[in-house]
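Here the structure comes first, spelled out in structure tokens, and everything after it is commentary.
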Amino acid sequence: MSQYIFLTLALISIATALLMVFSKNPIHSVLYLIVTFFTIAGQYVLLNAQFLAVVHIIVYAGAIMVLFLFVLMLLNLNNATEPQKSNTWKVAGAIASGALLLTLVGALKGSTQLTASETANAQVGLVENLGRVLFTDFVVPFEIAGILFLAAMVGAVMVGKRDLKM
Amino acid sequence: MSALLLFISAVIIEKTALILILFAITLGIAAYSTYGERKVAAFIQDRLGPDRAGPFGILQPLADGFKMFTKEDFIPKDSNRWLFILGPGAFIFVALMTSAVIPWGTYFTGFGLNVDLQVTDVNIGILYIMGFVSLGVYGIMIGGWASNNKYSLYGAIRASSQMISYELAMGISLISVIMITGTLSLRGIAEGQSGLWWGFIPQWNVLLQPLGFLIFFVCALAETNRAPFDLPECETELVGGYHTEYSAMKLGSYLFAEYINMFISSAVISTVYFGGYNFPGVNPDWLWGLMGPVVIFAKTFFFIFVFMWIRWTLPRFRYDQLMHLGWKSLIPLSILNMLLTGAGVLWFGR
Numbered sequence: 006m007s008q009y010i011f012l013t014l015a016l017i018s019i020a021t022a023l024l025m026v027f028s029k030n031p032i033h034s035v036l037y038l039i040v041t042f043f044t045i046a047g048q049y050v051l052l053n054a055q056f057l058a059v060v061h062i063i064v065y066a067g068a069i070m071v072l073f074l075f076v077l078m079l080l081n082l083n084n085a086t087e088p089q090k091s092n093t094w095k096v097a098g099a100i101a102s103g104a105l106l107l108t109l110v111g112a113l114k115g116s117t118q119l120t121a122s123e124t125a126n127a128q129v130g131l132v133e134n135l136g137r138v139l140f141t142d143f144v145v146p147f148e149i150a151g152i153l154f155l156a157a158m159v160g161a162v163m164v165g166k167r168d169l170k171m
Numbered sequence: 006m007s008a009l010l011l012f013i014s015a016v017i018i019e020k021t022a023l024i025l026i027l028f029a030i031t032l033g034i035a036a037y038s039t040y041g042e043r044k045v046a047a048f049i050q051d052r053l054g055p056d057r058a059g060p061f062g063i064l065q066p067l068a069d070g071f072k073m074f075t076k077e078d079f080i081p082k083d084s085n086r087w088l089f090i091l092g093p094g095a096f097i098f099v100a101l102m103t104s105a106v107i108p109w110g111t112y113f114t115g116f117g118l119n120v121d122l123q124v125t126d127v128n129i130g131i132l133y134i135m136g137f138v139s140l141g142v143y144g145i146m147i148g149g150w151a152s153n154n155k156y157s158l159y160g161a162i163r164a165s166s167q168m169i170s171y172e173l174a175m176g177i178s179l180i181s182v183i184m185i186t187g188t189l190s191l192r193g194i195a196e197g198q199s200g201l202w203w204g205f206i207p208q209w210n211v212l213l214q215p216l217g218f219l220i221f222f223v224c225a226l227a228e229t230n231r232a233p234f235d236l237p238e239c240e241t242e243l244v245g246g247y248h249t250e251y252s253a254m255k256l257g258s259y260l261f262a263e264y265i266n267m268f269i270s271s272a273v274i275s276t277v278y279f280g281g282y283n284f285p286g287v288n289p290d291w292l293w294g295l296m297g298p299v300v301i302f303a304k305t306f307f308f309i310f311v312f313m314w315i316r317w318t319l320p321r322f323r324y325d326q327l328m329h330l331g332w333k334s335l336i337p338l339s340i341l342n343m344l345l346t347g348a349g350v351l352w353f354g355r
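Protein chains in written order, with our numbering: chain A, 6 to 171; chain B, 6 to 355.
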């Protein structure tokens, strides 16, 4: 049962990811990407990680993509005004993403690494266990991430100020 | 194997029935909220309100619905056709999804049945609601942009920036509630408020979190685009806001979804701050377990009335005042509330 759900979700996420890349209208791209995020959240639910799924929706679909949509609507980009990119950029993009693909394939090549998740505790994604782990075993990375967010917030406020009085 | 299949199909039938009943109730309440709003407005302004269709105008929502369905459904020539249709659909879909995690009572135990009066008790119920609140902007943004009208776009941009701004204070005030209840499940939060202090004061979260409740309520007004925060559809500046170009039932969906949002946010306020289906002296298991729904619906209707009361009492904010209130008052206040709650939990325990 869950295998069929997984396959359906995977197919939809691949299809919408491709549509996102290939659609000419940037607003359509953003909407396809939102569908991709939803299917990925569905995969998290299948892995019993509801907290991660909902946070994924809130952060990516609810906040980041709203800002993308916001900017695109204000710029009002459409098919006619899309700037022609030079071939150099296309070649550079192909090389860079090809290298990334090669790295990912190399890292995931041996399927033996993937069996580890099967034996893990099925309750590990629930919010109680996640919170306990975050505040005991991984407390230092968690605090560092918090400081990073604080720095980003201060930076955003500074950038947003109209006149900087030093 | 067959026993398992029987169990699964029983669960599916039970949940489907519950979802359909909840869907019908939500639509019914949203329809009659429009009638209620006009009657409340009439009462506040010393008028009669709708009184032509049926006794006391009680059939007015049906007449309005019939009008909406039979009007010409116009799609502007230069609009983005599919996104123009997707906008109201997405908005009403998101509005309807949120009711899934609200506990309407304990258990229905009658006619040989034992039905959980909640569609699903996920252990992250509050985050689920926050997730759908944050998705609410898409319907407005897509519809406003696809209309290809500058007033629609202005309305959409106002709506989305307002909703993003007030989401933050709303989330932080909910964190304080989570800190004192120790659970993210709405069922757990409602159960935690069932007791009494010194035998007569109900253990409702509003008494522990008065400031948090106030912040949450103001944010709920802003999230549902209700007056005094109804700037996205401010007719003196923006014609009709994000739904300027919409007609017939597409406009109806936008207006209807606003009432659904009002109903759901009233239900969430009742559950999170006002004890949910608990009321002192009333056992939610009475009447085969239907006393719980009676209590929570009474509370919900009270808050819907408060929403309307505020709309017909307060004038609209100016846009910069709205942003100042959100970013410079409510967010610092909610952070202060969170710190005070943290200190309280540390010193006194839960």
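Here a beta-carbon is modelled for each residue, glycine too, at the ideal position from N, C-alpha and C.
In chain A, what lies closer than 8 Å to residue i by C-beta?
i, result
"Leu158(B)", "Met78"
"Tyr133(B)", "Val59"
Please tell me whether residue i has its Cβ less than 9 Å away from any Cβ of chain A.
i, result
"Tyr171(B)", "no"
"Val350(B)", "no"
"Ser165(B)", "yes"
"Ile162(B)", "yes"
"Asn85(B)", "yes"
"Leu23(B)", "no"
"Leu327(B)", "no"
"Leu344(B)", "no"
"Leu295(B)", "no"
"Leu10(B)", "no"
"Leu88(B)", "yes"
"Ser104(B)", "no"
Return no unless some Cβ of chain B is closer than 9 Å to the Cβ of residue i.
i, result
"Ile152(A)", "no"
"Phe11(A)", "no"
"Leu131(A)", "yes"
"Val144(A)", "no"
"Phe56(A)", "yes"
"Ile39(A)", "yes"
"Ile17(A)", "no"
"Ile45(A)", "no"
"Ser7(A)", "no"
"Leu36(A)", "yes"
"Ile32(A)", "yes"
Interface residues of chain B around residue i at Cβ under 9 Å?
i, result
"Ala66(A)", "Gly136, Ser139, Leu140 and Tyr143"
"Ile1(A)", "Outside the displayed span of chain A (6 to 171) sits residue 1(A), for which this structure offers no information."
So which residues of chain A does residue i contact, with C-beta pairs closer than 9 Å?
i, result
"Met146(B)", "Val71, Leu74, Phe75 and Met78"
"Asn128(B)", "Gln55, Phe56, Leu131, Val132 and Glu133"
"Trp150(B)", "Ile32, Leu74, Leu77, Met78 and Asn81"
Can you name the residues of chain B whose CB is closer than 8 Å to the CB of residue i?
i, result
"Gly62(A)", "The sequence given here places Ile at residue 62(A); Gly does not occur at that position. The contacting residues are Gly136, Ser139 and Leu140."
According to the Cβ coordinates, are residue i and residue j closer than 9 Å?
i, j, result
"Tyr143(B)", "Phe96(B)", "yes"
"Gly331(B)", "Gln214(B)", "no"
"Trp109(B)", "Pro337(B)", "no"
"Gln55(A)", "Leu153(A)", "no"
"Trp209(B)", "Phe307(B)", "no"
"Thr103(B)", "Val138(B)", "yes"
"Arg321(B)", "Phe234(B)", "yes"
"Gly149(B)", "Ile169(B)", "no"
"Ala46(B)", "Met313(B)", "yes"
"Ser181(B)", "Gly136(B)", "no"
"Leu179(B)", "Val287(B)", "no"
"Ile129(B)", "Ser190(B)", "yes"
"Lys76(B)", "Met254(B)", "yes"
"Tyr324(B)", "Thr111(B)", "no"
Rank the options by C-alpha distance to the C-alpha of residue i and give the top, closest one.
i, options, result
"Val60(A)", "Asp83(B), Lys72(B), Leu67(B) and Ile131(B)", "Ile131(B)"
"Leu88(B)", "Val96(A), Met163(A), Val76(A) and Tyr37(A)", "Tyr37(A)"
"Thr318(B)", "Gln50(B), Ile17(B), Leu191(B) and Ser38(B)", "Gln50(B)"
"Gln326(B)", "Met343(B), Ala227(B), Tyr264(B) and Leu341(B)", "Ala227(B)"
"Pro81(B)", "Tyr282(B), Ser252(B) and Glu196(B)", "Ser252(B)"
How would you list, in chain order, the residues of chain A whose beta-carbon sits under 7 Å from the beta-carbon of residue i?
i, result
"Ile340(B)", "Those within 7 Å of Ile340(B) in chain A number zero; the least Cβ separation is about 12 Å."
"Leu189(B)", "Val132"
With respect to 8 Å, is the separation between the Cβ of residue i and the closest non-hydrogen atom of the ligand GDP below this value?
i, result
"Phe79(B)", "The ligand GDP is not part of this structure, which contains no ligands at all."
Extract the residue ranges of the alpha helix (DSSP H) inside the segment 267-304 of chain B, only unbroken runs of 4 or more that lie entirely within it.
291-294
Run through the segment 236-260 of chain B for me and flag every whole alpha helix (DSSP H) of 4 or more residues, listed as ranges in chain order.
240-243
Please give the ranges of any alpha helix (DSSP H) in the segment 316-340 of chain B, keeping only runs that are unbroken, at least 4 residues long and fully inside the region.
324-329
Residue ranges of each alpha helix (DSSP H) run of no fewer than 4 residues wholly in the segment 9-73 of chain A, ordered along the chain?
31-51 and 55-61
Those runs of the alpha helix (DSSP H) which lie wholly inside the segment 81-127 of chain B and span at least 4 residues:
86-102
Completely contained alpha helix (DSSP H) runs for the segment 116-190 of chain B, where each covers 4 or more residues
130-151 and 155-186
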